[in-house]
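Numbering of the sequence shown is given in the numbering used here, commencing with residue 40 and proceeding in unit increments. Heads up, the beta-carbon is just placed ideally off N, CA and C, and yes, glycines get one too.
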Amino acid sequence: MKALYKLTGGGIVLATACKLKYYYSHANSEDLDWIIGPTAFVAELFTDLSFSPEPGYGWVDVAHSVVLAPVCAGVNFLIIAFCMSSFQILWKKHSPNVLVTGIVLAATASYLLTIFANAMRIVLAVILFTLDIYSAWLTPDMVHRVAGIVVYYLLLCLYSQAVNWSVSGQNNRGQMGENPFRKQALRLVPLFWYLLFSVGVPLANNSLRADPELFLRHAATVGAVTAVLTLILYKAQRWYLWVIKDRYNARQPTASSLE
Numbered sequence: 040m041k042a043l044y045k046l047t048g049g050g051i052v053l054a055t056a057c058k059l060k061y062y063y064s065h066a067n068s069e070d071l072d073w074i075i076g077p078t079a080f081v082a083e084l085f086t087d088l089s090f091s092p093e094p095g096y097g098w099v100d101v102a103h104s105v106v107l108a109p110v111c112a113g114v115n116f117l118i119i120a121f122c123m124s125s126f127q128i129l130w131k132k133h134s135p136n137v138l139v140t141g142i143v144l145a146a147t148a149s150y151l152l153t154i155f156a157n158a159m160r161i162v163l164a165v166i167l168f169t170l171d172i173y174s175a176w177l178t179p180d181m182v183h184r185v186a187g188i189v190v191y192y193l194l195l196c197l198y199s200q201a202v203n204w205s206v207s208g209q210n211n212r213g214q215m216g217e218n219p220f221r222k223q224a225l226r227l228v229p230l231f232w233y234l235l236f237s238v239g240v241p242l243a244n245n246s247l248r249a250d251p252e253l254f255l256r257h258a259a260t261v262g263a264v265t266a267v268l269t270l271i272l273y274k275a276q277r278w279y280l281w282v283i284k285d286r287y288n289a290r291q292p293t294a295s296s297l298e
């Protein structure tokens with residue numbers, strides 16, 4: 040019964056993701072107002088940008104020459120976040136009662152996360168554009184691409200942890216203190232989903248055959264950035280757990296104090 044539940048839920052999630060991917064591939068800027076519009080609104084809260092919808096282009100800030108086009112909508116990130124969180128819920132929860140509820144909550148949370156992630160990408164892009172750091176090899180396009188990967192992947196990792204903590208029903212601090220590396224594979228969950236859709240799907244769509252140099256450069260950039268970030272997060276978590284354990288041990292009464 041549990042296997043049937045997971046297969047049914049997984050089928051619904053994948054079918055939804057495929058349908059959204061197909062919709063995105065044929066959508067124009069007006070079709071994507073539901074995600075570009077809120078992104079523009081949130082970005083305006085953190086910058087002096089002022090966007091307005093421009094049919095055929097997207098949301099445009101003429102004064103700063105910034106365009107939020109369909110390619111900037113972040114639908115691919117939405118699909119990644121939705122699939123990842125939905126399967127995390129399906130893996131942890133075995134009751135059919137939470138099938139629809141879990142998927143709906145995953146979709147809602149992933150949508151809100153995408154809006155925030157897109158807005159942060161815009162804010163970071165505006166800041167980076169003003170810096171005098173560019174050269175013949177460090178191009179604005181490269182910096183923009185790497186910054187986008189960093190924002191998306193870090194938020195995806197945080198989102199994965201938040202979903203795991205929410206569905207596990209356990210106290211995180213106590214869990215880590217008892218067995219901090221009991222579920223090491225969890226930190227690879229966002230890496231798997233990000234690489235699957237960022238590299239695997241384009242590869243399946245013959246991107247390598249269409250433009251080998253462009254695809255290999257894209258795959259190398261995504262792989263290198265996500266690998267470095269994964270290692271940094273791993274080291275940071277180990278340091279955090281070491282600090283927590285050290286503080287916990289310091290608070291424990293010694294044998295002499297109990298005598």
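Simplified DSSP assignment, three categories, for residue i
i           : result
residue 134 : coil
residue 180 : helix
residue 152 : helix
residue 84  : helix
residue 252 : helix
residue 92  : strand
residue 101 : coil
residue 71  : coil
residue 107 : strand
residue 113 : coil
residue 173 : coil
residue 157 : helix
residue 215 : Because residue 215 carries a pLDDT of 43, less than 50, the predicted location of this residue cannot be relied on, and the following value inherits that uncertainty. If DSSP states are grouped into helix, strand and coil, residue 215 belongs with the helices.
residue 244 : coil
residue 146 : helix
residue 309 : Past the boundaries of the shown model lies residue 309; the chain is included only from 40 to 298, so the question cannot be answered.
Proximity test, Cβ basis, 7 Å: residue i and chain B
i           : result
residue 226 : Checking the listed chains, one finds no chain B in this structure; it contains a single protein chain.
Sequence-distant residues of its chain with Cβ nearer than 8 Å to residue i (five each side left out)
i           : result
residue 190 : 156, 159, 160 and 163
residue 173 : 179 and 182
residue 347 : Because the chain spans 40 through 298 in this model, residue 347 falls outside it and cannot be assessed.
Contact belief for residue i with residue j at Cβ below 8 Å, rounded distance in angstroms
i           : j           : result
residue 186 : residue 152 : Not a contact, Cβ separation roughly 17 Å.
residue 240 : residue 258 : Not really, about 12 Å apart at Cβ, beyond 8 Å.
residue 90  : residue 79  : 4 Å
residue 125 : residue 52  : 4 Å
residue 127 : residue 203 : 6 Å
residue 142 : residue 49  : Contact flag wrong, Cβ pair sits at about 10 Å.
residue 88  : residue 103 : 6 Å
residue 206 : residue 132 : 6 Å
Close Cβ partners of residue i (< 6 Å) along its chain, the five nearest in sequence each way excluded
i           : result
residue 45  : 129
residue 210 : Confidence in residue 210 is poor, its pLDDT being 45 and thus under 50, which makes the residue's placement too unreliable to answer from.
residue 166 : none
residue 246 : 254
residue 71  : 109 and 112
residue 85  : 162
Cβ neighbours of residue i in the same chain (closer than 7 Å, five flanking residues each side left out)
i           : result
residue 273 : 226
residue 63  : 114
residue 148 : 124
Can we say the segment 46-62 touches the segment 114-128, given the rule of at least three CB pairs closer than 8 Å? yes
Is the number of C-beta pairs between the segment 229-243 and the segment 254-274 that are closer than 8 Å three or more? Counting Cβ pairs under 8 Å, three or more are found: they touch.
Assess contact between the segment 87-98 and the segment 64-77, defined as three or more Cβ pairs (one per stretch) separated by less than 8 Å. Is contact present? yes
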